[in-house]
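Enquirer: Numbering (this note's numbering), first residue to last: 137 to 227.
Backbone N, C-alpha and C define an ideal beta-carbon position, used for all residues, glycine too.
The structure's right below; bear with me while I get my questions together.
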């Protein structure tokens, strides 16, 4: 029976963790941007003043940045296994 251990110092693992971090950051930006955009529309309906434009601009910028972070985290790297590498095995 072959037991495989993941090498936590390998470059592939670090790249994968960086991609996951980018995706989480993008999701957070998307959520905050959507909430600010909705808050801007509610402020426009309730108060009808300049808060609408501020919330809309900041919300749309966060939506754009969040989308870019999410896209970059999703498409940045590909995990490739090389068949000539032998796995780390310990008895």
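1. Is residue 170 helix, strand or coil by DSSP?
2. According to DSSP, is residue 175 part of a helix, a strand, or is it coil?
3. Would you say the region 185-197 touches the region 147-159, given that touching needs at least three Cβ pairs under 8 Å?
4. State the Cα-Cα distance for the pair residue 148 and residue 174, rounded to the nearest angstrom.
Expert: This is what the structure holds:
1. Here residue 170 carries a helix assignment [DSSP, helix/strand/coil].
2. In the structure shown, residue 175 sits in a helix (DSSP, three-state: H, G or I).
3. The region 185-197 is not in contact with the region 147-159.
4. Whole-angstrom Cα-Cα distance: 39 Å.
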